[in-house]
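Sequential numbering from 112 applies to the sequence shown in this note's numbering.
Just below is one structure, and these are the notes that go with it.
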Amino acid sequence: MKEKVSPFLKRLSENPAIRQQYYISGFESADVIYNDPLMEEKHEVVKGLVHKYPNRALIKVSYLCAAHCRFCTRIRQIGNPEGTLSDIDLENILLYLQQNPQIDDVILSGGDPFYTPDITYKLLEKLQFISTVKTIRIGTRMPFQSPDSFHTKNISSLLNLINDIGKRIPLYILVHINHPDELNKETESVIKLLKEQKVTVLSQTVFLRNINDNFETLYLLFKKLYHLGVIPYYLYHCDHVKGLERFTGDINKEKEIAIRLRAELSGIACPLFVEDLEDGYGKMPVY
Ligand SMILES: *Cc1c(COP(=O)(O)O)cnc(C)c1O
Ligand code: SF4
112 MKEKVSPFLK
122 RLSENPAIRQ
132 QYYISGFESA
142 DVIYNDPLME
152 EKHEVVKGLV
162 HKYPNRALIK
172 VSYLCAAHCR
182 FCTRIRQIGN
192 PEGTLSDIDL
202 ENILLYLQQN
212 PQIDDVILSG
222 GDPFYTPDIT
232 YKLLEKLQFI
242 STVKTIRIGT
252 RMPFQSPDSF
262 HTKNISSLLN
272 LINDIGKRIP
282 LYILVHINHP
292 DELNKETESV
302 IKLLKEQKVT
312 VLSQTVFLRN
322 INDNFETLYL
332 LFKKLYHLGV
342 IPYYLYHCDH
352 VKGLERFTGD
362 INKEKEIAIR
372 LRAELSGIAC
382 PLFVEDLEDG
392 YGKMPVY
């Protein structure tokens with residue numbers, strides 16, 4: 112995966128937490144073959160749609176993002192234009208959802224659904240009328256990678272559609288954030304903008320060794336998110352992707368941090384610490 116740092120993040124590149132998440136370091140080998148530990152490819156039943164759990168489908172709108180996180184679980188795909196869904200791909204996905212009415216919860220992911228707002232718009236426009244789909248979630252990291260984009264015409268139209276759908280179907284926006292230094296005036300204003308829509312905003316965080324795997328950093332992150340009206344949803348143990356070992360922390364150390372977070376944060380401010388098990392079980396709480 113080639114290095115891609117958005118202009119916004121370049122301005123923050125002196126910050127160690129930003130640098131370590133986005134810039135290629137000497138530890139990254141150029142010729143490693145990244146695997147698919149969550150076996151998504153096995154469950155990709157239609158191009159772009161991963162159907163791994165009975166009632167939930169995950170749609171990868173594209174493999175494109177505003178910036179490339181060096182620890183991405185989907186590092187094998189990110190940046191590849193072949194993941195971008197065409198009109199025909201969208202039709203096939205919608206047909207699959209109609210033929211599988213047990214799917215009531217659809218998750219838009221990628222890549223970043225806000226990076227290709229026109230495709231996400233087309234998908235949502237039709238998805239909202241599939242009566243068996245009862246909830247929609249959208250995962251994004253763009254508020255922290257390119258907050259300025261949220262004022263462009265295309266994303267504004269997408270937000271208007273989201274606001275409209277949210278009046279009829281529960282809509283959840285899941286923002287991916289790992290460090291309190293990703294919060295600043297610009298990114299917080301995007302969170303406010305999202306919260307003005309008819310949606311619930313949740314967050315997801317990955318434990319990253321030597322970046323956020325200490326109590327004080329995560330305590331501050333979740334407290335700040337809670338104060339912004341964001342509900343911390345998941346705290347992940349970093350997936351075991353070959354070539355990304357330098358980001359994976361010690362699970363026993365992480366457990367101790369998670370226990371202390373649980374004791375010291377308000378209940379709503381404390382995410383569930385989970386590990387995505389290699390096959391079948393999904394995101395299981397770490398005990
Ligand atoms: C994470 C994930 C989901 C959603 O899981 P929840 O625990 O309901 O948030 C659905 N499908 C896939 C493939 C996933 O990776
Ligand atoms: S924004 Fe998400 S999908 Fe894109 S590179 Fe980062 S972690 Fe991966």
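Even for Gly, the Cβ is constructed at its ideal location relative to N, Cα and C.
Of the residues the options, the one placed nearest residue i, counting alpha carbons only
{"i": "I288", "options": "R248, P281 and I302", "result": "I302"}
{"i": "D275", "options": "T243, S242 and E236", "result": "E236"}
{"i": "Y174", "options": "M395, G222 and F261", "result": "G222"}
{"i": "F333", "options": "S257, I362 and I379", "result": "I379"}
{"i": "V244", "options": "P192, P281 and N265", "result": "P281"}
{"i": "E365", "options": "K278, K309 and L319", "result": "L319"}
{"i": "L234", "options": "P148, L269 and E139", "result": "L269"}
{"i": "Y226", "options": "G340, I266 and E139", "result": "I266"}
{"i": "T246", "options": "D216, L238 and F326", "result": "D216"}
{"i": "R357", "options": "C183, L305 and P118", "result": "C183"}
{"i": "F384", "options": "G354, S314 and N321", "result": "S314"}
Closer than 7 Å: residue i CB and nearest ligand 1 heavy atom
{"i": "E386", "result": "no"}
{"i": "G393", "result": "yes"}
{"i": "K163", "result": "yes"}
{"i": "I218", "result": "yes"}
{"i": "E155", "result": "no"}
{"i": "L319", "result": "no"}
{"i": "L169", "result": "yes"}
{"i": "E152", "result": "no"}
Buried or exposed (CB count within 10 angstroms, at least 16 for buried), residue i
{"i": "R371", "result": "exposed"}
{"i": "K171", "result": "buried"}
{"i": "I144", "result": "exposed"}
{"i": "R181", "result": "buried"}
{"i": "H338", "result": "exposed"}
{"i": "T311", "result": "buried"}
{"i": "D200", "result": "buried"}
Proximal residues to residue i (C-beta, below 8 Å), its chain only, five neighbours per side dropped
{"i": "Y164", "result": "G393"}
{"i": "H154", "result": "V161, H162 and K163"}
{"i": "R85", "result": "Here the chain has residues from 112 to 398 only, and residue 85 is not among them."}
Heavy atom of ligand 2 within 7 Å of residue i beta-carbon
{"i": "I284", "result": "no"}
{"i": "I189", "result": "yes"}
{"i": "D223", "result": "yes"}
{"i": "C176", "result": "yes"}
{"i": "C180", "result": "yes"}
{"i": "H287", "result": "yes"}
Residues near residue i in its chain [Cβ-Cβ closer than 7 Å; skip 5 each side]
{"i": "V156", "result": "H162 and Y207"}
{"i": "F80", "result": "Given that the chain is displayed from residue 112 to residue 398, the structure contains no residue 80 and the question cannot be resolved."}
{"i": "L160", "result": "A168, I170, I204 and Y207"}
Residues near residue i in its chain [Cβ-Cβ closer than 6 Å; skip 5 each side]
{"i": "L388", "result": "M395"}
{"i": "K309", "result": "N274, G277 and K278"}
{"i": "Y133", "result": "V116, L120 and A178"}
{"i": "H290", "result": "A128 and N323"}
Cβ-Cβ separation, residue j to residue i (assumed contact under 8 Å), whole Å
{"i": "P382", "j": "Y330", "result": "Not really, about 12 Å apart at Cβ, beyond 8 Å."}
{"i": "M112", "j": "I189", "result": "5 Å"}
{"i": "C397", "j": "I362", "result": "Contrary to the premise, residue 397 reads as Val rather than Cys in this sequence. Right, their Cβ atoms sit about 7 Å apart."}
Ligand 4 heavy atom lying under 7 Å from the CB of residue i
{"i": "R252", "result": "Ligands in the displayed structure: ligand 1 and ligand 2; ligand 4 is not one of them."}
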